[in-house]
Every structure is written in C-alpha cells, then in structure tokens.
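> Protein chains in written order, with the UniProt record's numbering: chain W, 1 to 471; chain A, 1 to 471. Cβ atoms here follow ideal geometry from the backbone N, Cα and C, with glycine treated the same way. Okay, handing you the structure first.
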C-alpha cells in the first residue's frame, strides 16, 4: 500500500525511526502512530498525497514545525485506520514579495522567523512574533490562528493574511491567493480554513500583510500594585499612544522571581519589589527622541496618579532586551523549576482584575499546593494563567501537584466561562482542550461546526480527533 | 397564510402600499415582489419569523437600511415562491457598552451613525464611515462587509467585529456574541456570516471593536502628476506617519471639476489645475501641533522630490471639511449631471498606475462616449472606476452611453481580472455582480461556496438569487 503512495507523489516518504520525530509533539505530551510521514515537494504534490489518502480512505494529519501546545499536529495514540502525517516543511519557498503592495507570498513550510527576515530585507515588518518563531511554520501559524506579543496593534495571524492556497480534503488545489485589502465577492473561505487546525484542508501557501518598519521603539517596565492599576495604565496608554502602543504585557512578581532564579544574566530592574509589573512597548514612525518623549510623558502622567509606584525606561537596545528578557523567559524559567499546568485563556479586558482576584482566591482555598504564575498579553485580554508547585516542592509534592491537573482545569475553565472568556486564546484546541471546549459551547454552535465539517470533509479524514469529535 | 405568520411573532407585518418602499432599492434599479414585509421587535421574534418561513418553505430576504448598491436587499423581480422581506430596523437597541474593553454590543437595526455616536458619547471611536451612514444599519454593514474611508487604518467591517448573534436558516438563535480579542476554540462562523449578504442566516446583533478617539486630525490635498506619484506619496506617507495615516484618497481633476460644477459652496483649493490629487488625513493621539508638524514634514519631503506639484494643508476644521467636500461629493456631483455606470474594484496597490493607464486607453479607444470619473481609496487599492457621458451630452447621447453598460462592464472586469483584482471591493455582489463574479472565480471555489450554502441553508431559502446562483 505504501508503495502505491510512494509512487503517487514527488518528495520524501519516511517510515520507522525516520518517522518517529514527527509522531511526538515537542513537549513530549502526546505520541501517536502513522502509516508513514509524507514530505511532498510542492503544493501540487501535497494535492497528490491528499488525493491518494482520499482514494484509500486514509486519514491525514497535517504538520508544520510541530511546535503546537495542544497536540494538534501529531496523530492520536489510538488511530484506526492509521493516518499519514503530512509534513509541509519542504514547501519552503518565498514565492513573491511586493513592497509597494505590502504583501508577501510564502509557502506553508517557511518558518515564522524566515518570514520576518524576508519582510525586513525588503524594508518591511511582518509583525507576528512568538516564542517558537525559529521552528514554527507560517502554515501552522495560520492553521492555529497564532497570536503573540504584537496582537494589540497588528492582530492575530488571521488579521495578517489576505489570501490562501489550500488543498481540499479531496486533494484538489484551491488558489485563493488574493493580495487585496478589499474583496467582497463571496463567502470568506479564507477565514474558515484559518484556525481550523487542519481539520478542513491543508494550507499550502498564503499572502501575508506587511507593514512599515517602525523607526524607533521604546520599552518601559512599570510597577503597579494590582491588575486593576495595570488596566488603568492600559487605558491611559491607549489614549496617549494610540496605535504606537505595540505591546502591553502583565507579569506578576512570582514570574519575575522565577526568571531571576533560573535564567542566567537577568537582574531585577527596579529597586523595590512590586506584586505586579507591566511591560509596555511604543513603536514610532517618527524618531527615537519623540518616542522617548511620548513614553516619558505617559510615565509622568501615571506617577501623578497613584497607579504606578516605580518605572524603568530602556534608553538603548541592550536595556530594552534586558526588560523583554524578564517577560520572554517566564515559560522557560517555569519549566526549569518543575512540570507545570498551563491555561491559555482570554477574557473581556475590563473583567480581568475581578477574574484574577476571585479565581486566585478559589485556587488558594481549594489547592494550596498550587502557586499561580500569571502573566500574559493584557492588551489583548489574554492571560497565561499558569500553575507551578509551591517553591521547594520535592518529587512527591510535584507528583501531588500534577495529579491536580483535571480538577484545577475544571475550576479555571468554569471561572473563565463565568466571566465570558475563552479557554483557548491563542493555542487552539487540538486534543488538549477539545472536549473541555465542547462542554462550554452552545449546542447550536457545535451543530453548525459539524455541518461545516461534513460539507468540506465528508469522509472525516482531515486531522481526525482534533478541535472537535465530529463522529 | 399571512394570518398564520401574523400570529407567529411580535412586531409589524406590512403589505400593499406599506410594503412598497421595502421592495425597491434606493437607487430605483431593482424592484421585486414579496408576500409581506415582517418587522419583528427583537432577535427572538426574528427567529420566529424565520422558523415560520422555514416551516412553510417561504424564502427570506433580510433587509437593513436598504442602501445597498448591488441589489442585495430587495427581492428579485420574478420570485417564485414569493418571499418575506425581513426588515431588521426595529432591532434598534444598543445593548451594552464597555469602554474599558473597547467594545459595543448593538442590535442589527441600529444605524451606522447611531453606532458612531454611541461610541463617541463613551469617549471612543467606531471608525467605520461611509456615505450612507445616516440610513444604513450595522447589520447590513456586516452582511455586506462594508468598507469606507478609514479601512487603511482600521480595516473593513469584518475587522471591526468580535462577535455575532445570528438566526440560522432554520430559525434558531446562535449566540456568538464574544467580546474577546483572542478566541481559538473552533471554526470561524463569525466571518462566514459576515459578507454572506444574508444568504446563510440573519445577523441580529454584533459586538463591535472601539478605539481611542484621536486627539487631533490634519488633512491635506496634494496635487500629483499621475497615479504613479500618488503611489510614491503613499509609500512615503506610510513610512513617516505609520498608523497615523487614516485616509489616503485619490481623485482625478475630472472628479474635482464635477464637484465644483454641481455642488454649491465648493471651490478649487489650489491655484493650478492638476490631473490628479491625493487627499490624505493624519490622526494623532498627540496634540494638534505635533500632527501639523508631521504632516508639514511629509509635504516638505515630497516637494523636494518632484512627486508633488502643489499642496494645501487644512489648519482648522472648516478647511478640513472643505477639502473633504471635494472627495465626498463626487458621487452626488456625478449623479447630478447624468446617469452613471459604476465599478467598485480592488487591485494590488502596486499595479494601480498600470491598470489605470492601460484600461483608460482601452476605454478611450473603444468607447469615446465615455468619460472616466476615477477616484477612491488608494491606500486600500480600492477604486471607484466610474463612468459618465462626455460633457454636454444630450438625452440621445446619454441613452447611447447607458447602452454601453454591458460591454463597458465586460472590458473593465476583464482588465480587473487580468490585474489580479476584484470586481467588487466593498459593495458586495447582490444581483449586480453575481454572474460576472462567478465567471472569474475558480470552479473549485464556487463548488466550495455551494457546499457551505448547502450545509447552512439546505433548502435555499435565505436571500435567494443573491451573491451566487446556488440552484
């Protein structure tokens, strides 16, 4: 059977030990099985692989950089029939760039970092930015509608895409590679495939939006007594800086302490410890001096109020990087200390202080073994509301902590639901949040999703078991 | 039969002369017939009307302010069976506003102007802005994914919506009223309903994004020799002004001359006539002085190059309004002189100068009766590539001009297609561009659209005959 597939397309077909790295996600949480891993050479060859799978009723698991956090890019453990993992990494061409139109046409397997670099080489910005950018692919970013630190200004992956090329579940190639800002000629198939986690078809290329490179960036770290003051600061920063505000991140002192403890070369940026900090970034099309002046004006205004107790302003690149290091190394510091339980949640921004206060209190009362490690993209209402064991936990306490995952998830998800939030802000559902999400969705919405799935993948072959149980 | 509908919901049911205004579009191009016009009082009552229609196999034509330009909001002339026109104008409540979350929850029948005013009263901006804003409704804006003058900075209606409430084709009410910036928990049903022109369901309410009100705005009118220099100016303006650039409109001197001739109180803003002009607007979160300085800096830089031959900078509100009047009255001036033929097209921005040059030349050679009236949102690649009869045409020449509509459309649409553009940028397909659009779409895309339609409206009752012929 594999011989028939091998001769059906141009590219690599991996089995045995060669296939193994594609069957486990990068955190090692999920391992599945597959008939083989297909690495076609082009979009046309992707279509041939999918057409073969369709003809033989073989499921397809599309995979980009395999950096997802929800288990969406590897086969399920007990797949019957066994799927083909369809690796897109050989689709790695930058097909075209049009700086005047501010668009870039790239294939799905190009890494996010390569996309950023191609834009920069043309004097443009591609603003999607996230921790896995050196490995994750733009196809995976679109399939999971990735977020990151600049969503506040530029939007999620969805907002950064003008057109798609997609191989349908039947193995046909749809050319929807429009490079237009406006096009009202029919149903928005593009946004249906974006965020569908490979369950409707395979993204093989995309037209991305580019932006002018900022002339200057200024970063500040600000100490605030509580999330409420962080929110007050957000409102003021938005009013004063407008679209110049390109990042607004919140982090608790627990996060900072973990980074200082585990990441060499980091140091405390302010004299006094504060329970919470905000890291904000201003990007300006004018010069450095005006940007610094605008940020200083904001900080002066906040000092007059009593929202802000202290602040550090980075005046050069090294200082900016030192401030960002406190934010960007939180996950790594948390992992260095112990296993963790993660919650990637979104809330109406106005309700975040009340959510944190009430949910922290519930957790403290019910699960004293848990230390909250709360940080995230406050400007987007997106918290990484994570948990670690208490400091100094031995192996036994860590095991006890990890055994709390299911009830802790339940508590957090119920709280998110009560506050009209989302239990997956930017990581997608995969298998990790598939069933929990379905519990909170209106039944009518699940029914509409099932109808869409039935319409575009009637045999249910595309990435089975991910996003929603369709059968 | 109508008695059964009358007792099935709460609201008004209009027939005869009362129904007539709902059966003709506002330009008087299309008139259809209907069983009756239903004006339900709430989303629940909309659901009852649609459920009744579904049970009785009666088609439904959803209608907002009935200001559409493509005939999407009135029944087709020869409908069998006759539909119900479902007027949403009594769903006129602003349900909630959350300035901290920058969101507004409004019902579908609220006019765009009322939405703008509600935002402003809360110290916020809702940036969607277009000529019909006093009459058009937000439900219609979303159903047709409306554009307008600030898309360059804030996006189309699609980008301004976070969540929807929709009555499905079966008359069930889906609550998708999320007020979150990030939510990756399933298929993007929201964007499927947006822009579907009422053919998949009825939008009854929406959560809209709000923005900080700009502290200052500065407007300039700039004379340029040709569209190529307008494009050069756009690149420079984007680099220097970044997201502060909130409008970038192009207009030919033909447009300006029509406005000067037909609109009282307008006057020529620059000493010399130029073949083309750009109107650009800078919105700043800083003060008036800095905004003016940034605009002056841009104009000085362009004067050094030879792109720009002259420029007028508005230094107060009256001057700004006088400059905007030259742009905003073009359609009215064109209509005051004669009947027109309109083309709402989008192109890759980088290809606009070549498109205008080659298509103008084709038209001049083949249709000397036609005077091109070209203007539009250059920053979005959206041209209103309109046509009027030559100056001084009598009734006979006007009739001759109007008889050219079909071949002129064909010429323009073929040219748009050759330049990878869209034949409907912001007006939607309705019946006006339904068949032309289908000619240029890949057959696979039409097939995917048909599958979506079949999945969500299997009986084909929602706004039949619009967007695509599905049967």
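What separation, rounded to the nearest whole angstrom, lies between the Cα atoms of residue 314(W) and residue 321(W)?
Answer to the nearest angstrom: the Cα atoms are 9 Å apart.
> Restricting to Cα atoms, I'd like to know which of 221(W), 137(W) and 464(W) is closest to residue 60(W).
Residue 464(W) is the option with its Cα nearest to residue 60(W).
> Where do the ends of the alpha helix (DSSP H) carrying residue 440(W) lie?
Where residue 440(W) is concerned, the enclosing alpha helix (DSSP H) stretches over 434-440.
> Which residues in chain A have a C-beta closer than 8 Å to the C-beta of residue 449(W)? List them in chain order.
Ordered by position in chain A, the residues that pass the 8 Å Cβ test against residue 449(W) are 186, 187 and 189.
> What residue range is occupied by the uninterrupted beta strand (DSSP E) comprising residue 193(W)?
That residue, residue 193(W), is in no beta strand (DSSP E); its alpha helix (DSSP H) goes 189-193.
> Please go through the stretch 204-241 of chain W and give each complete beta strand (DSSP E) segment of 3 or more residues, from N-terminal end onward.
If we require 3 residues or more, the beta strand (DSSP E) runs fully inside the stretch 204-241 of chain W come out as 216-224.
> In or out: residue 157(W) buried (at least 16 other Cβ within 10 Å) or exposed?
Buried, since its Cβ has 16 or more Cβ neighbours within 10 Å.
> Listed in chain order, which residues of the stretch 277-294 of chain A have Cβ atoms closer than 9 Å to some Cβ of chain W?
Result list: 283, 284, 285, 286, 290 and 294.
> Between the beta-carbon of residue 182(A) and the beta-carbon of residue 139(W), is there less than 8 Å?
Contact flag unset, no.
> Out of 258(W), 100(W) and 118(W), state which residue places its alpha-carbon closest to the alpha-carbon of residue 180(W).
Of the listed residues, the one whose Cα sits closest to residue 180(W) is 100(W).
> Check for me: the alpha helix (DSSP H) holding residue 53(W) runs from which residue to which?
First-last of the alpha helix (DSSP H) with residue 53(W): 43-55.
> Using a threshold of 7 Å, is the CB atom of residue 280(W) nearer than that to any non-hydrogen atom of the ligand GDP?
By its list of ligands, the structure shown contains no ligand whatsoever, and the ligand GDP lies outside what it can speak to.
> At a cut of 8 Å, does the stretch 417-434 of chain W reach the stretch 330-341 of chain W through at least three beta carbon pairs?
No contact exists between the stretch 417-434 of chain W and the stretch 330-341 of chain W.
> Under 8 Å Cβ-Cβ, which residues of chain A neighbour residue 332(W)?
The premise fails here: residue 332(W) is roughly 22 Å from chain A at the closest Cβ pair, so nothing lies under 8 Å.
> Report the rounded CA-to-CA distance for residue 377(A) versus residue 149(A), giving the unit in angstroms.
Their Cα atoms are separated by approximately 7 Å.
> Would residue 294(A) pass as a contact of residue 216(A) if the rule is Cβ separation under 8 Å?
Taking 8 Å as the Cβ cut-off, residue 294(A) and residue 216(A) do not qualify as a contacting pair.
> Residues of chain W with a CB under 7 Å from the CB of residue 349(A): which are they?
Chain W residues near residue 349(A): 100 and 101.
> So that I know if they touch, is there some Cβ in chain W lying closer than 8 Å to that of residue 413(A)?
With 8 Å as the cut-off, residue 413(A) does not count as an interface residue toward chain W.
> Assign residue 214(A) to buried or exposed, taking buried as 16 or more other Cβ atoms, counted over all protein chains shown, within 10 Å of its Cβ.
With 16 or more other Cβ atoms within 10 Å, it is buried.
> Measure the C-alpha to C-alpha separation of residue 400(W) and residue 409(W) and round it to an integer number of angstroms.
Spanning the two alpha carbons is a distance of roughly 15 Å.
> In whole angstroms, what separates the C-alpha of residue 11(W) from that of residue 90(W)?
Whole-angstrom Cα-Cα distance: 8 Å.
> For residue 26(A), which three-state DSSP category applies?
Note: residue 26(A) maps to coil in three-state DSSP.
> Could you compute how far the alpha carbon of residue 74(W) sits from the alpha carbon of residue 335(W)?
Each residue's Cα considered, the two are about 22 Å apart.
> Mind checking who residue 252(W) pairs with in its DSSP beta bridge?
Per DSSP, 276(W).
> Please report the distance separating the alpha-carbon of residue 54(W) from that of residue 462(W).
If you take the alpha carbons of residue 54(W) and residue 462(W), they lie about 9 Å apart.
> Under 8 Å, do residue 429(A) and residue 185(W) count as touching if we go by C-beta distance?
A contact, by the Cβ cut-off of 8 Å.
> If you drop the 5 nearest sequence neighbours on each side, which residues of the same chain put their C-beta closer than 6 Å to that of residue 363(A)?
The residues are 370.
> What number of angstroms, rounded off, separates the C-alpha of residue 4(W) from the C-alpha of residue 52(W)?
Cα-Cα distance, rounded: 9 Å.
> Give me the Cβ distance between residue 172(W) and residue 444(A), rounded to the nearest whole Å; I'm assuming they're in contact under 8 Å.
Right, the Cβ-Cβ distance comes to about 5 Å (below 8 Å), so this counts as a contact.
> According to DSSP, what are the bridge partners of residue 389(A)?
Answer by DSSP bridge pairing, in chain order: 370(A).
> Identify the continuous alpha helix (DSSP H) that holds residue 416(A) and give its terminal residues.
Segment 405-418, the alpha helix (DSSP H) holding residue 416(A).
> Which bits of chain A does residue 381(W) rub up against, with CB to CB less than 8 Å?
Simply 101, 180, 181 and 182.
> Comparing alpha-carbon positions, which option in 26(A), 166(A), 65(A) and 345(A) lies nearest residue 42(A)?
Residue 42(A) has its Cα closest to that of 166(A), out of 26(A), 166(A), 65(A) and 345(A).
> What three-state label does DSSP hand residue 175(W) in the structure shown?
Here residue 175(W) sits in strand by DSSP.
> So residue 395(A) is in the alpha helix (DSSP H); what residue range does that whole segment cover?
Unbroken alpha helix (DSSP H) run through residue 395(A): 395-402.
> Hey, residue 15(W) and residue 153(W): beta-carbon distance below 8 Å or not?
No, these two residues do not count as a Cβ contact at 8 Å.
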